[in-house]
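FYI, the numbering for the sequence shown is -20 to -1, 1 to 149, going by mature numbering (1 follows the signal peptide of the UniProt record, and there is no 0).
Positions of the beta carbon are idealized from the N, C-alpha and C atoms, including for glycine.
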Amino acid sequence: MIKYLVVAAALAAVPAPASAETVIDAALSSHNTARAQYGARPLVWNASLLPATQTWANACRFQHSNPAGQYGENLYATTRVADDATIVRDAVKAWMDEARYYDYSKPGFSGATGHFTQVVWKSSTGLAVAVGSCPANTIFSRASKYVVARYTPPGNWQGQFAQNVGRPV
């Protein structure tokens, strides 16, 4: 009986996988809610970006790919145990938390705000988001989730911050 209880408790701690539609909905709704707060139009799902985005997330290498101007990219990793849709919402929240550091009097790129500015970049119109499940000792010493978000056209272009990063409305 004790073995059964231990196994049942362990299984209860593992969240059910989120469907692809649930992850897409979480990605679009969290991004578009954030964008609306800064006067940016909603993003639409870019299905053509998804295969390469998923491949990158599954590789579990916590570094930017080499987009060569094809897309913008935000990365997020966590050891939190939750379904993929929740992890995607956590990622967008973390990126948006950078907004407090953005200096509207000196519009431009900063490593402290680059995720935020990409999320709200007005000229970006398309989005693909993928979540990879990474084993221990790839990104962290524990198993983790790795979120890769790609945006088209890419944001964070020098000289274009003033017209693309709106103030909160």
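### Query
Taking buried to mean at least 16 other C-beta atoms within 10 Å of its own C-beta, is residue 136 buried or exposed?
buried
### Task
Measure from the C-beta of residue 47 to each C-beta in chain D and report whether the shortest distance is under 9 Å.
Annotation note: the requested chain D is absent from the structure, which comprises a single protein chain.
### Query
Do you know offhand how far residue 81's Cα is from residue 97's?
11 Å
#### Entry: Local conformation of residue 54 per DSSP, three classes
strand
### Query
Considering only residues of the region 97 to 129, which uninterrupted beta strand (DSSP E) runs meet the minimum length of 3 residues and lie entirely inside it, listed in chain order?
106 to 114
### Query
residue 61 and residue 7 look like a contact to me (Cβ under 8 Å); what is the Cβ gap, rounded to whole Å?
Actually they do not touch by this definition, with Cβ atoms about 20 Å apart.
#### Entry: Nearest candidate by alpha-carbon position, reference residue 74, set 86, 123, 57, 63
Considering only 86, 123, 57, 63, the residue with the shortest C-alpha distance to residue 74 is 57.
### Task
Just the C-alpha distance for residue 145 and residue 121, rounded to the nearest angstrom, thanks.
36 Å
### Task
Look up residue 25 in the DSSP assignment and say whether it is helix, strand or coil.
Correct three-state label for residue 25: strand.
### Assigned exposure category for residue 43 - 16 Cβ within 10 Å defines buried
exposed
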